[in-house]
Amino acid sequence: MLFGTAENVKVLRHTYANKSNATRAAKAEWEKLQRGVAEFSIVLALGRPELMTELPVTVRGYKRVIDDCKWIVARVTHTLDGNGGFTSDLDLEVKATEVPEFDTSDGA
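As numbered in numbering that gives the first Met the number 0, the sequence shown has no gaps in its residue numbers, which increase by one up to the final residue, 107.
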């Protein structure tokens with residue numbers, strides 16, 4: 000079972016009981032590797048208390064390559080200062096895309 004591309008192969012050390020378990024494990028490892036491929040940090044001068052980790056977000060007003068990415072919040076820190084100011088610091092990661100599956104069975 001191969002997920003992702005055949006150019007950079009990672010072999011999972013565990014032997015799985017069936018194809019379903021192997022598929023789940025391979026997909027989970029692929030998504031783990033895809034996270035953190037691109038990161039982006041931003042400080043919101045006007046805090047947004049509804050923001051939390053794993054939330055998908057869209058950014059606008061940056062380079063097109065940044066604006067076009069599907070981001071998720073990896074870390075958020077909300078700060079309330081002594082003067083009544085509220086900010087949100089966000090660490091974003093590119094959301095793992097749909098994982099392509101390649102059939103490596105050659106009938107052998």
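Idealized CB from N, CA, C, for every residue including glycine.
- Here leucine 45 is exposed: its Cβ has fewer than 16 other Cβ atoms, across all protein chains shown, within 10 Å.
- Boundaries of the beta strand (DSSP E) harbouring valine 42: 38 to 43, taken from the DSSP string.
- Within its own chain, the residues whose Cβ lies closer than 6 Å to the Cβ of glutamate 38, once the five positions on either side in sequence are excluded, are Glu92, listed in chain order.
- Under the three-state reduction of DSSP output, aspartate 66 falls in the helix class.
- Contact between valine 72 and threonine 86 is ruled out by a C-beta separation of about 15 Å, above the 8 Å threshold.
- Burial of alanine 25 is indicated by the presence of at least 16 other C-beta atoms within 10 angstroms of its C-beta.
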